[in-house]
DNA sequence: TTTTAATTTATTGTATACAATAAAAAATAT
DNA sequence: ATATTTTTTATTGTATACAATAAATTAAAA
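Protein chains in written order, with the numbering used here: chain A, 105 to 326; chain B, 105 to 326.
Next up, the structure:
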């Protein structure tokens, strides 16, 4: 795994907790490479909004406020709902088939849920992400796609899956099916609204958990 | 000027034309710095979508197709119109005042138009950009702001000002005033739609010029 | 002559030493 | 005790040499 993915991964699973301070040298030592590739990774992570410079004394892992969550999820809602509408207009039969396959994979990942097992949750998050990405591929809009990927802050989504219970996961699966049906039927407005609602639901789940933390984020060895 | 802005600037004014090949070493030589800061700049420019890697043999300045223009401007329309709506809801009296000032500066920059004079056109583009940015500041939505800035591909906008005649510039000034009025009156829907129309107008002007190039991009020494 | 393999070359990737500098700590003055 | 200046230190910024490697070129084989 390259330095970028290694650090990102550690942030996603919470090994590097929000607020933790990172320096080039310490990261280089920990990943057994020189500072040069670490600097490349850091620049990318900064542009991703996952770390922020800390007064010329390294970086800290970004802590997301309630307002950050609102803003990020509202942006996602705007862009991803637009994407779903475009997908409903432009999808081919083959692409629809791929979406079905990705959603089936998501269903299977959910069925293997073991709470607090990092790798199970990673699988669920990954399957979910691939389903969403399949939709945006079908828009044939490369710029929209790449911008959506910049708005999607993976650590936030990972955390929401970490907190989700089975009921919540099954509900999200049902909404995926609604979105799929709308795309299948070439109903852009319905696909758009279903996707918007899906993202808002995710946003509110995160906000509720933040206001009233029932489950701590995992801590300890990888 | 740092390497990032130096290279970006050269791309914007067309000194580095679309398709031109760039290598780290040549840029380092030309800007009289080592490859290290050039590499940082290149990474940023790549993420901006202004250059693309060319089979491990340097980079080339991005050539924008008609489809690219459509996708980028449509994205801008989506995000900036949303931003204008939010600004109409959230702007303070002071922020409204700033917007007026920026638009006055835009009006003055236009009044000094001399076609084909790079620095005049740079001023117009800069003033226009500052007006738009003032609107997005008023949203108090830092994430929206930063994403809009990623969608705004400055070379495209610069080129459109390069091609614009006085009539087109005055029309764009009038639309700015419409947007301002809607923000002043706290009419989010109208601000949104006016901004959307403004961006689509810009898009179509660029598409028309691309289909039927009346004015060549500037070439020669800086 | 065309395909395949070997060699060379252009270019990015990485390590490392040193320079610049902002922040922190210590010393001095008020 | 507080404010100001000086010194030290932690950390990023930059230059440069060398390594890795994909692409281009040349040579060899079919």
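No residue lacks a Cβ here, since even glycine has one placed at the ideal position from N, Cα and C.
The structure presented is a predicted model; accordingly, all values stated were derived computationally and were not measured.
Taking all protein chains in view, the Cβ of residue 121 of chain A is surrounded by fewer than 16 other Cβ atoms within 10 Å, so the residue is classified as exposed. With a threshold of 16 other beta carbon atoms within 10 Å, residue 221 of chain B falls short and is exposed. Taking the C-beta atoms as reference points, residue 265 of chain B is found nearer than 8 Å to residue 229 of chain B. C-alpha of residue 162 of chain B to C-alpha of residue 155 of chain B: approximately 10 Å in a straight line. Residue nearest to residue 247 of chain B within the set A:136, A:170, A:282, A:125 is A:170 (criterion: CA-CA distance). Taking one beta carbon from each stretch, the region 180-197 of chain B and the region 178-197 of chain A have 3 or more pairs nearer than 8 Å; the two touch. Taking a 10 Å sphere around the C-beta of residue 165 of chain A, we find 16 or more other C-beta atoms and assign the residue as buried. Within 8 Å of the CB of residue 254 of chain A, the CB atoms of chain B belong to 251, 254, in sequence order along the chain. At least one beta carbon of chain A lies nearer than 8 Å to the beta carbon of residue 182 of chain B. Residue 249 of chain A is positioned such that its CB atom lies closer than 8 Å to that of residue 240 of chain A. In the DSSP assignment, residue 163 of chain B falls outside any alpha helix (DSSP H) and within the unbroken beta strand (DSSP E) covering 163-165.
When the Cα atoms are used, residue 173 of chain A and residue 307 of chain A turn out to be separated by approximately 7 Å. Residue 231 of chain A sits close to residue 213 of chain A, with the two beta carbons spaced by under 8 Å. Taking a C-beta cut-off of 7 Å against chain B, none of the residues of the region 108-129 of chain A qualify. Residue 144 of chain B is a Cβ neighbour of residue 147 of chain A, given a cutoff of 8 Å. Non-local C-beta neighbours of residue 116 of chain A in its own chain, meaning closer than 6 Å and more than five positions away in sequence, comprise 258, 259, 262, ordered along the chain.
About 6 Å separates the Cβ atoms of residue 277 of chain B and residue 211 of chain B, confirming a contact at the 8 Å cut-off. Counting the other CB atoms within 10 Å of its CB gives residue 118 of chain B a total of 16 or more, which places it among the buried residues. Chain B places no beta carbon closer than 8 Å to that of residue 154 of chain A, leaving this residue out of the contacts. Annotation for residue 192 of chain A: 286, 287, 290, 291, 292, 295 place their beta carbon closer than 7 Å to its own, counting only its chain and skipping 5 residues before and after.
Each residue's CA atom was taken as its position, placing residue 130 of chain B and residue 113 of chain B some 17 Å apart.
Distance check between residue 301 of chain A and each of A:124, A:106, A:282 places A:282 closest, using alpha-carbon atoms only.
Counting only runs of 4+ residues, the alpha helix (DSSP H) found wholly inside the region 279-316 of chain B occupies 292-315, in chain order. Look at residue 122 of chain B here: in three-state DSSP terms it is coil, with no helix or strand label. Taking each of B:133, B:109, B:106, B:217 in turn and checking the Cα distance to residue 270 of chain B, the smallest one comes out for B:217. When C-beta distances to chain A are compared with 7 Å, the residues of the region 129-151 of chain B below that value are 144, 147, 151, in chain order.
Among the CB atoms of chain B, none fall inside 8 Å of the CB of residue 229 of chain A. In the three-state reduction of the DSSP assignment, residue 239 of chain A falls in the helix class, which pools H, G and I. Per DSSP, residue 117 of chain B is not a residue of any alpha helix (DSSP H), being assigned neither H nor E.
Taking C-beta separations shorter than 7 Å and ignoring five residues to either side along the sequence, the partners of residue 280 of chain A in its chain run 207, 210, 235, following chain order.
Bounds of the alpha helix (DSSP H) holding residue 252 of chain B are 246-255.
With distances taken between CA atoms, residue 132 of chain B lies nearest to B:110 out of B:123, B:124, B:110.
Taken atom to atom, the span from the alpha-carbon of residue 150 of chain B to that of residue 267 of chain B is near 26 Å. Residues of chain B whose Cβ lies closer than 7 Å to the Cβ of residue 245 of chain A are, in chain order, 175. Rounded to whole angstroms, the gap between the alpha carbons of residue 139 of chain A and residue 314 of chain B is 45 Å. When DSSP states are grouped into helix, strand and coil, residue 319 of chain A belongs to the coil group.
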